[in-house]
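Trainee:
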Amino acid sequence: MIPELRERFNGSYTESRYTALLSYLTKKSGIEIEFRVAETPVFVPRSLLDEMAEEGRALANRLISDTAYLAAARRAIPQGYSVANETPHPHFLTADFALVRNAGGELVPRLVEIQAFPSVFAYQVLLCTAYREVYGLPDTLGVFLGGLDEEAYLKLLALTVLDGHDPKTVVLTEVDPHRQKTRSDFYCTAKRLGIAVVDIAELKPIGDRLHYVDARGRLVPIERIYNRAIADELIGRQIQLPFDLTYPWNVEWAGHPNWYFLISKFSVPWLSDPANPHSVVPPAVFLSDFLEGRGRSKLAAAGVPLPAGSASDTVYSDLLLKPLFSFAGKGIQFDPTQAQLEAIPEERRGEYLVQQRMTFVPGIDTPHGMTQAEFRILYLWPDGAGLTPALSLVRLGRGKMMGVDHNKNQAWVGASAAFFPLR
Numbered sequence: 006m007i008p009e010l011r012e013r014f015n016g017s018y019t020e021s022r023y024t025a026l027l028s029y030l031t032k033k034s035g036i037e038i039e040f041r042v043a044e045t046p047v048f049v050p051r052s053l054l055d056e057m058a059e060e061g062r063a064l065a066n067r068l069i070s071d072t073a074y075l076a077a078a079r080r081a082i083p084q085g086y087s088v089a090n091e092t093p094h095p096h097f098l099t100a101d102f103a104l105v106r107n108a109g110g111e112l113v114p115r116l117v118e119i120q121a122f123p124s125v126f127a128y129q130v131l132l133c134t135a136y137r138e139v140y141g142l143p144d145t146l147g148v149f150l151g152g153l154d155e156e157a158y159l160k161l162l163a164l165t166v167l168d169g170h171d172p173k174t175v176v177l178t179e180v181d182p183h184r185q186k187t188r189s190d191f192y193c194t195a196k197r198l199g200i201a202v203v204d205i206a207e208l209k210p211i212g213d214r215l216h217y218v219d220a221r222g223r224l225v226p227i228e229r230i231y232n233r234a235i236a237d238e239l240i241g242r243q244i245q246l247p248f249d250l251t252y253p254w255n256v257e258w259a260g261h262p263n264w265y266f267l268i269s270k271f272s273v274p275w276l277s278d279p280a281n282p283h284s285v286v287p288p289a290v291f292l293s294d295f296l297e298g299r300g301r302s303k304l305a306a307a308g309v310p311l312p313a314g315s316a317s318d319t320v321y322s323d324l325l326l327k328p329l330f331s332f333a334g335k336g337i338q339f340d341p342t343q344a345q346l347e348a349i350p351e352e353r354r355g356e357y358l359v360q361q362r363m364t365f366v367p368g369i370d371t372p373h374g375m376t377q378a379e380f381r382i383l384y385l386w387p388d389g390a391g392l393t394p395a396l397s398l399v400r401l402g403r404g405k406m407m408g409v410d411h412n413k414n415q416a417w418v419g420a421s422a423a424f425f426p427l428r
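Going from the sequence shown to this note's numbering is simple: count from 1 and add 5.
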């Protein structure tokens, strides 16, 4: 963190400015923001964000070039959710990092998870602008990565989503989008790109094409889908789509659904290297391997403290239990017991991982005490170009988990942004 910028911000902060920040976001996005917005951005050296960005890019390229890994990941796609016409690479990627102290006491990034799925690409630009304008942050502070400025970022986003198609033939699809907490991003995206926001359950199949009904009631054939629908939600809510996802529809995907599974928490055990104590990826294994003994040995070899016994009441305080394909922290279990691990049916144990629990360093000095930050690097990967780290997103919290849903009834926590000195 940058102490002088932190002190300057804290010294000039007022509640009226925070109220103005929320009003600005509401006015510009067209709706009230339903998730908690942090009172403050964070101020970090650019080198820290660049390090995270490069680590995430290297991990993604490693996975995409690993044919054995991709074959295993494809086998883990639930039946009925392997979509035809898979793209050679994902169009969107996010990599989440914690800041922890290593054995030498240095502050270093560690991967929380990596996911080939879109994030709030349009809303995050608005949030950065809101912080800058409402709090009077100087132009000497930047937010964009990969050599981009705001204009280049928005062009790259448009290229990735539209790929040259008429915006009227491109739709953003989600499950019940107008009731999602992230709908502010959907509306910002629609406004920026001129595309429609459509419930994926309302797409209409005719022949080999998918269609949507536009605002004037006309049936419009879809050329490209900016997919924001999460398979976990479709499965959990038992939503029956009016079309077969696996059919080779005559449509392009901006964010092909298969990549949600191919680069996900499923990848973390593959990326984990117990022989490399400096790896950015914390030790992790599949639950099935852990209970069979191989995974337990691997974690022990990586230096993860484990209790000696394995009685049913044994508590693994240094491990997290995570479902592979859940989103926004759903289903994560802290301090799992042996009984809880064994309670997961044997045939489903390959759908979970156990991972070393990381201790976030509380590095943000706020009027409500020291607060910890999780950094998300947002990447864009349009067809015919390279994977580009474009912007960061920050979540502030003081609880066990960093998501905004897990830091309710607190101040100076929530969704935030990172600013860095340009020179």
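Ideal Cβ positions, reconstructed from N, Cα and C, are used throughout, including at glycine.
(1) Check whether the Cβ atoms of VAL202 and PRO182 lie closer than 7 Å to each other.
(2) Quick one: what does DSSP say ALA5 is sitting in, helix, strand or coil?
(3) Across the stretch 268-278 and the stretch 323-341, are there enough close Cβ pairs to call them in contact, namely three or more that are closer than 8 Å?
(4) Which residue or residues does DSSP assign as beta-bridge partners of HIS216?
(5) Applying the 10 Å Cβ sphere with the 16-neighbour rule, what's the burial state of THR251?
(6) Classify SER28 as buried or exposed, calling it buried when 16 or more other Cβ atoms lie within 10 Å of its own Cβ.
(7) Give me the Cα-Cα distance between VAL218 and LEU224, rounded to the nearest whole angstrom.
(8) Does the separation of the CB atoms of LEU398 and GLN129 fall below 7 Å?
(9) Just confirm the distance between the C-beta atoms of ARG233 and GLU179, as a whole number of angstroms; I'd bet it's less than 8 Å.
(10) Judging by CA-CA distance, which residue of ASN90, GLY222, SER70, ALA157 is the nearest neighbour of PRO253?
(11) Could you round the C-beta distance between TYR136 and ALA316 to whole angstroms and report it? I think they count as a contact, below 8 Å.
(12) May I ask you to report which of helix, strand or coil DSSP gives GLU257?
(13) ARG62 to PRO394, Cα distance in whole Å?
(14) Compare the beta carbon distance of LEU208 and PRO172 with 7 Å and say whether it is the shorter of the two.
(15) Taking a contact to mean a Cβ-Cβ separation below 7 Å, would you say LEU276 touches VAL286 in this structure?
(16) Can you list, in chain order, the residues of its chain whose CB lies under 8 Å from that of HIS216, leaving out five sequence neighbours each side?
(17) Taking 7 Å as the limit between beta carbons, can you name the residues of its chain near THR31, skipping five residues before and five after?
(18) In this structure, how does DSSP classify ASN263 when only helix, strand and coil are distinguished?
(19) Just the Cα atoms here: how many angstroms apart are ALA108 and GLU56?
(20) Determine the DSSP secondary structure at MET6, reduced to helix, strand or coil.
(21) From the DSSP secondary-structure annotation, give me the bridge partner or partners of ALA25.
(22) Please classify PHE97 as buried or exposed, where buried requires at least 16 other C-beta atoms within 10 Å of its C-beta.
(23) For the beta strand (DSSP E) containing GLY374, list its first residue and its last residue.
(24) If we count the other Cβ atoms within 10 Å of its Cβ and call it buried at 16 or more, is ARG381 buried or exposed?
(25) What's the call for THR72, buried or exposed, on a 16-neighbour Cβ count within 10 Å?
(26) Assuming contact is defined by CB atoms lying nearer than 7 Å, are ASP340 and VAL309 in contact in what I supplied?
(27) What's the C-alpha gap between LEU112 and VAL105?
(28) What does a CB cutoff of less than 8 Å around LEU296 pick up in its chain, not counting 5 residues either side in sequence?
(29) Considering only C-alpha positions, which residue in the set GLY147, LEU177, PHE40, TRP258 is nearest to ALA420?
(30) Grab me the residues of ASN263's own chain with a C-beta within less than 6 Å of its C-beta, minus the 5 sequence neighbours each way, in chain order.
(31) When DSSP builds the beta bridges, which residues end up paired with GLN129?
(32) Kindly indicate which three-state DSSP category PHE291 falls into: helix, strand or coil?
(33) Counting along the chain, where does the beta strand (DSSP E) carrying GLY368 start and finish?
(34) Identify which residue in GLY402, ALA390, PRO387 has its Cα closest to the Cα of VAL366.
(35) Does the Cβ-Cβ distance between TYR357 and LEU292 come in under 7 Å?
(36) Kindly indicate the opening and closing residues of the alpha helix (DSSP H) around GLY61.
Mentor: In short, the structure shows the following:
(1) The sequence position of residue 202 within the sequence shown is 197, counting from 1. The sequence position of residue 182 within the sequence shown is 177, counting from 1. It is a contact, given that the beta carbons lie within the stated cut-off.
(2) The question about residue 5 has no answer, for the chain in this structure spans 6 to 428.
(3) These segments touch.
(4) If you number the sequence shown from 1, residue 216 lands on position 211. Answer by DSSP bridge pairing, in chain order: LYS209, PRO226.
(5) Looking up residue 251 in the sequence shown gives position 246. Exposed, since its Cβ has fewer than 16 Cβ neighbours within 10 Å.
(6) Stepping through the sequence shown from its first residue, residue 28 is reached at position 23. So SER28 counts as exposed.
(7) Counted from its first residue, the sequence shown places residue 218 at position 213. Counted from its first residue, the sequence shown places residue 224 at position 219. Distance between the alpha carbons of VAL218 and LEU224: 5 Å.
(8) Here residue 398 refers to the residue found at position 393 when the sequence shown is read from its first residue. Here residue 129 refers to the residue found at position 124 when the sequence shown is read from its first residue. In this structure, GLN129 lies closer than 7 Å to LEU398 by Cβ.
(9) Translated into positions along the sequence shown, residue 233 becomes position 228. Translated into positions along the sequence shown, residue 179 becomes position 174. Confirmed, about 4 Å.
(10) Reading the sequence shown from its first residue, position 248 is the one you call residue 253. Out of ASN90, GLY222, SER70, ALA157, the CA that lies nearest to the CA of PRO253 is found in ASN90.
(11) Along the sequence shown, read from residue 1 onward, the residue named residue 136 stands at position 131. Along the sequence shown, read from residue 1 onward, the residue named residue 316 stands at position 311. In fact, because the Cβ distance is near 51 Å, the residues do not count as touching under 8 Å.
(12) The count along the sequence shown starts at 1 and reaches residue 257 at position 252. Strand.
(13) Start at 1 with the first residue of the sequence shown, and residue 62 comes out as number 57. Start at 1 with the first residue of the sequence shown, and residue 394 comes out as number 389. Taking the straight line joining both Cα atoms gives about 8 Å.
(14) Here residue 208 refers to the residue found at position 203 of the sequence shown. Here residue 172 refers to the residue found at position 167 of the sequence shown. No; because the gap between Cβ atoms is not below 7 Å, this pair is not in contact.
(15) Locating residue 276 in the sequence shown gives position 271, where the first residue counts as 1. Locating residue 286 in the sequence shown gives position 281, where the first residue counts as 1. Against a cut-off of 7 Å, the Cβ pair of VAL286 and LEU276 comes out as a contact.
(16) As a working mapping, residue 216 is identified with position 211 in the sequence shown. Only LEU208, LYS209, PRO210, LEU224, VAL225, PRO226, ILE227 meet the Cβ criterion.
(17) Here residue 31 refers to the residue found at position 26 when the sequence shown is read from its first residue. Result list for THR31: GLU37, ILE38, in chain order.
(18) Indexing the sequence shown from 1 puts residue 263 at position 258. Here ASN263 sits in helix by DSSP.
(19) One-based indexing of the sequence shown puts residue 108 at position 103. One-based indexing of the sequence shown puts residue 56 at position 51. So the two alpha carbons sit approximately 19 Å from each other.
(20) What you label residue 6 is simply residue 1 of the sequence shown in a count that begins at 1. Three-state result, MET6: coil.
(21) As a position in the sequence shown, residue 25 is number 20, starting the count at 1. Answer is none; ALA25 lacks a bridge partner.
(22) Here the question's residue 97 lines up with position 92 in the sequence shown. Classification of PHE97: buried, given that the 10 Å Cβ count is 16 or more.
(23) The residue given as residue 374 occupies position 369 in the sequence shown. Unbroken beta strand (DSSP E) run through GLY374: 374-385.
(24) Counted from its first residue, the sequence shown places residue 381 at position 376. Counting other Cβ atoms within 10 Å of its Cβ, ARG381 reaches 16 or more and is therefore classed as buried.
(25) As a working note, residue 72 is residue 67 in the sequence shown. By the neighbour-count rule (16 or more Cβ atoms within 10 Å), THR72 is not buried but exposed.
(26) Mapped onto the sequence shown, residue 340 falls at position 335. Mapped onto the sequence shown, residue 309 falls at position 304. No, Cβ-Cβ distance for ASP340 and VAL309 is not below 7 Å.
(27) Position 107 of the sequence shown, counted from the start, is the residue given in the question as residue 112. Position 100 of the sequence shown, counted from the start, is the residue given in the question as residue 105. In a straight line, the C-alpha of LEU112 is about 6 Å away from that of VAL105.
(28) In the sequence shown, the residue the question calls residue 296 occupies position 291. Cβ neighbours of LEU296 beyond the five flanking positions: LEU346, GLU347, ARG354.
(29) For this step, residue 420 is matched to residue 415 along the sequence shown. With distances taken between Cα atoms, ALA420 lies closest to PHE40.
(30) Here residue 263 refers to the residue found at position 258 when the sequence shown is read from its first residue. Answer for ASN263: VAL88, GLU91, listed in chain order.
(31) Working through the sequence shown from its first residue, we reach residue 129 at position 124. Answer is none; GLN129 lacks a bridge partner.
(32) For the purposes of this step, residue 291 is taken as the residue at position 286 of the sequence shown. In the structure shown, PHE291 adopts extended strand secondary structure according to DSSP, grouped into three states.
(33) What you label residue 368 is simply residue 363 of the sequence shown in a count that begins at 1. 367-371 is the span of the beta strand (DSSP E), which, as asked, contains GLY368.
(34) To locate residue 366, count along the sequence shown from 1; it is residue 361. Checked all of GLY402, ALA390, PRO387; the closest Cα to VAL366 is GLY402.
(35) Here residue 357 refers to the residue found at position 352 of the sequence shown. Here residue 292 refers to the residue found at position 287 of the sequence shown. Against a cut-off of 7 Å, the Cβ pair of LEU292 and TYR357 comes out as a contact.
(36) For the purposes of this step, residue 61 is taken as residue 56 along the sequence shown, with counting starting at 1. Start and end: 51-69.
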